[in-house]
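Asks: Have a look at the structure that comes next, please.
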Amino acid sequence: DQQVKQNSPSLSVQEGRISILNCDYTNSMFDYFLWYKKYPAEGPTFLISISSIKDKNEDGRFTVFLNKSAKHLSLHIVPSQPGDSAVYFCAASATTTSGTYKYIFGTGTRLKVLA
Amino acid sequence: EPEVTQTPSHQVTQMGQEVILRCVPISNHLYFYWYRQILGQKVEFLVSFYNNEISEKSEIFDDQFSVERPDGSNFTLKIRSTKLEDSAMYFCASSARSYTQYFGPGTRLTVL
């Protein structure tokens, strides 16, 4: 099942610079996309989401961009801070016939922000 | 801030034994989910639960798995006869009416 792909397993960025994490998907029926951050021994923590009808959503230092024609989304973190070091998962949400939402996750990108 | 809690944090069991993983979702949430992550692999959807019944389940969620909401606060995942390949982190999640799911810290299940 390769419906959601994060092709970069890791990324290192200098503190204060921009971090860009990428995600590609194949199913055009996904209606929401979300980014989660995960620290070791913790569950995924919700960061930011975007509806499939929008192309940008911003929340503080975090911005998510969606390019539907390319089936691509990205998460921008500006400025990056050492506390941002974690694994970032892209998730695509599909509404099921029962009205619940089922997430398909990417494999994650480990971000390391260097002080 | 309300959060999803899970117990135990680590469960070790022998192959063939039954395990029950417990979750307390956020109190006003109505939708409940289980996911798992095998070491080194992606987080995978197992099952969703709403209005006291399973809404959707994946092909992983076979007859060995069951879920229950035994009271107003707990949500459990039972594996009847564990296999070595069931070793994974199991995450519970809950959501209100929106699509945003909030995850617990996970239970690491080790099957020997």
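Chains as they are written, first to last, in our numbering: chain F, 1 to 115; chain E, 1 to 112. We treat Cβ as the ideally placed atom computed from N, Cα and C, and that holds for glycine.
Under 7 Å Cβ-Cβ, which residues of chain E neighbour F:Phe105?
Replies: The residue given as residue 105 of chain F occupies position 105 in the first sequence. Correct list: Lys42, Val43.
Asks: Considering only residues of the same chain and omitting the five flanking positions on each side of E:Leu112, which have a CB-CB separation below 6 Å?
Replies: Position 112 of the second sequence, counted from the start, is the residue given in the question as residue 112 of chain E. Contacts found: Gln14.
Asks: Where does F:Ile50 land, buried or exposed, given buried means 16+ other C-beta within 10 angstroms?
Replies: The residue labelled residue 50 of chain F in the question sits at position 50 within the first sequence. Burial call: buried.
Asks: Using a Cβ-Cβ cutoff of 9 Å, what residues of the stretch 32 to 49 of chain F are near chain E? List them in chain order.
Replies: Tyr32, Leu34, Tyr36, Lys38, Ala41, Glu42, Gly43, Pro44, Thr45, Phe46, Ser49
Asks: Cutting at 8 Å between CB atoms, please list the residues of its own chain near F:Tyr101, excluding the five before and the five after it.
Replies: Taking the first sequence and counting its residues from 1, the one referred to as residue 101 of chain F is at position 101. If we look at F:Tyr101 and ignore the five residues flanking it on each side, its Cβ neighbours are Tyr32, Ser93, Ala94, Thr95.
Asks: Are there 16 or more other CB atoms within 10 angstroms of the CB of E:Thr82, so buried, or fewer, so exposed?
Replies: For the purposes of this step, residue 82 of chain E is taken as residue 82 along the second sequence, with counting starting at 1. The residue is buried, with at least 16 neighbouring Cβ atoms inside 10 Å.
Asks: Residues of chain E with CB closer than 7 Å to the CB of F:Tyr25, please, in chain order.
Replies: The residue you call residue 25 of chain F lines up with position 25 of the first sequence. Going along chain E, no residue has its Cβ under 7 Å from F:Tyr25, so there is no contact; the nearest lies around 13 Å.
Asks: Pull up the CB-CB distance for F:Asp24 and F:Lys5, whole angstroms please, since I reckon it's below 8 Å.
Replies: As a first step, residue 24 of chain F is located in the first sequence; it is residue number 24 there, counting from the start. As a first step, residue 5 of chain F is located in the first sequence; it is residue number 5 there, counting from the start. Right, the Cβ-Cβ distance comes to about 5 Å (below 8 Å), so this counts as a contact.
Asks: Who are the Cβ neighbours of E:Thr110 in its own chain at under 8 Å, not counting the five residues just before and after it?
Replies: The residue labelled residue 110 of chain E in the question sits at position 110 within the second sequence. Once the five neighbours on either side are set aside, the close Cβ partners of E:Thr110 are His10, Gln11, Val12, Thr13, Ser87.
Asks: Which residues bound the beta strand (DSSP E) around F:Asp24?
Replies: Here residue 24 of chain F refers to the residue found at position 24 when the first sequence is read from its first residue. First-last of the beta strand (DSSP E) with F:Asp24: 19 to 25.
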